[in-house]
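In this note's numbering, the protein residues as written are 125 to 264.
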């Protein structure tokens with residue numbers, strides 16, 4: 125991966141799903157992880173944006189930020205029937221700010237199991253010589 129590349133991939137995992145994401149910055153890597161989560165259960169193209177949701181998360185560790193962002197996606201879907209079609213993450217003094225451009229989940233076309241929770245085993249998020257990378261297992 126060169127420094128300008130960003131992306132994600134989904135890896136089947138026994139009764140779960142494994143997500144890997146990478147990008148030049150931590151914030152972009154988090155946004156890629158969100159895109160991977162959404163791609164795991166919805167077909168593209170995604171529905172049109174209907175609202176925006178902003179949230180702030182403390183940055184006590186890179187792994188906790190990753191979990192927090194993905195748990196917010198699951199929460200928004202379960203409680204409000206919303207799914208992010210675009211995600212912007214920015215650093216703040218105390219952590220990160222996330223702006224989700226949301227669409228109605230009911231307007232999307234399902235293609236996989238809806239995520240239920242973020243697992244902590246095998247979780248990692250770190251910077252290396254190529255940028256930021258993270259991996260997480262999702263309970264489906």
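Each residue gets a CB set at the ideal place from its N, CA and C atoms; glycine is no exception.
The model shown is predicted, which means the values in this text are computed figures rather than measured ones.
What's the gap between the Cα of residue 216 and the Cα of residue 140? Rounded to the nearest angstrom, the two C-alpha atoms are 32 Å apart.
Sequence-distant residues of its chain with Cβ nearer than 7 Å to residue 137 (five each side left out): Within the same chain, residue 137 has close Cβ partners 261.
Measure the C-alpha to C-alpha separation of residue 199 and residue 235 and round it to an integer number of angstroms. Straight-line Cα distance between these residues: approximately 19 Å.
CA-CA distance, residue 194 and residue 225? The alpha-carbon atoms of residue 194 and residue 225 are separated by roughly 14 Å.
Mind listing, in chain order, the continuous alpha helix (DSSP H) runs of no fewer than 4 residues lying wholly within the stretch 171-226? You should have 186-199.
Mind checking residue 151: buried by the 16 CB within 10 Å criterion, or exposed? The residue in question, residue 151, is buried, as its Cβ has 16 or more Cβ neighbours within 10 Å.
Residue 153 and residue 160 - do their beta-carbons sit closer together than 8 Å? No; because the gap between Cβ atoms is not below 8 Å, this pair is not in contact.
Do residue 264 and residue 227 have their CB atoms nearer than 8 Å? Against a cut-off of 8 Å, the Cβ pair of residue 227 and residue 264 comes out as no contact.
Rounded to whole angstroms, what is the Cα-Cα separation between residue 239 and residue 259? If I take the Cα positions, the gap works out to 15 Å.
Is the distance from the Cβ of residue 222 to the Cβ of residue 175 below 8 Å? No; because the gap between Cβ atoms is not below 8 Å, this pair is not in contact.
Output the boundary residues of the alpha helix (DSSP H) element that contains residue 158. Counting along the chain, the alpha helix (DSSP H) containing residue 158 begins and ends at 150-163.
Rounded to whole angstroms, what is the Cα-Cα separation between residue 162 and residue 245? Approximately 21 Å between the Cα atoms of the pair.
Residue 126 versus residue 252: straight-line alpha-carbon distance, rounded: Per-residue confidence for residue 126 stands at a pLDDT of 46, beneath the threshold of 50, marking its modelled position as unreliable; the derived number appears in the next sentence. A straight line joining the alpha-carbon of residue 126 with that of residue 252 spans about 12 Å.
Can you tell me which of the three DSSP states residue 130 falls into? Residue state, collapsed to three classes: coil.
Identify, in the order they occur along the chain, each residue of the same chain with its Cβ nearer than 6 Å to the Cβ of residue 185, setting aside the five sequence neighbours on each side. Counting only Cβ-Cβ distances below 6 Å, and skipping sequence neighbours, we find nothing.
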